[in-house]
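Numbering (my numbering), first residue to last: 575 to 757. Virtual Cβ for every residue (Gly too), placed ideally from N, Cα, C.
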């Protein structure tokens, strides 16, 4: 028996193959994979180039009621930088061994990205969400990190840049300090 599929009845969450803004889903995924690769390859300066100078980077904490904190100015966060300057300072510390989280041996990471969804477009700006899983190896031990990220990406320039990044770390009971390259 042959089954036909009505195109109108298909899941509306499925991303279209044609652009719905200045980029296709494939373009967006390529950008996300490149950002993750820069972390895995420890190319931190190139990773910083993925961020707009005013990009907010936020990883909220889980409160005692098992809800995420909602205000980085008034509640605790695992990581919060109001702009790229904070990221640049963190990268400087990592690269110059001024970080207890990055003493020798250097950690190894493998970032995996799945379930990329376009949430919405506003002119040249896209809001996306995706799930991720990072494996972290150091001192002959492997630690997994996983979660969901929400990005706002600006496509108005010659290269896309992240203007806002929110990272929800789902397994926040961890053995050591979480740093930028873990997520």
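Asked: Sequence ranges, beta strand (DSSP E) only - wholly within the stretch 626-665, length at least 3; Found: 651-655
Asked: Neighbourhood of residue 759 by C-beta, 8 Å cutoff - its chain only, sequence neighbours within 5 removed; Found: Any property of residue 759 remains undetermined from this structure, which presents the chain solely from 575 to 757.
Asked: Contact set for residue 685: own chain, Cβ-Cβ below 7 Å, skip 5 residues either direction; Found: 610, 613, 614, 706 and 708
Asked: N- and C-terminal bounds of the beta strand (DSSP E) containing residue 696; Found: 682-696
Asked: Classification of residue 753 by the beta-carbon crowding that lies within 10 angstroms, buried from 16 upward; Found: buried
Asked: Integer Cβ distance of residue 725 from residue 738, believed to fall under 8 Å; Found: 7 Å
Asked: Assigned exposure category for residue 729 - 16 Cβ within 10 Å defines buried; Found: buried
Asked: Pairwise C-alpha distance: residue 619 and residue 665; Found: 8 Å
Asked: Helix, strand or coil at residue 620 [DSSP, three-state]; Found: helix
Asked: C-alpha distance - residue 591 paired with residue 624, whole-angstrom precision; Found: Confidence in residue 591 is poor, its pLDDT being 48 and thus under 50, which makes the residue's placement too unreliable to answer from.
Asked: Top-ranked residue by Cα proximity to residue 595, from 755, 617, 697 and 715; Found: 697
Asked: Limits of the alpha helix (DSSP H) - the one that residue 728 falls within; Found: Taken as a continuous stretch (DSSP letters only), residue 728 belongs to no alpha helix (DSSP H), being part of the beta strand (DSSP E) at 715-728.
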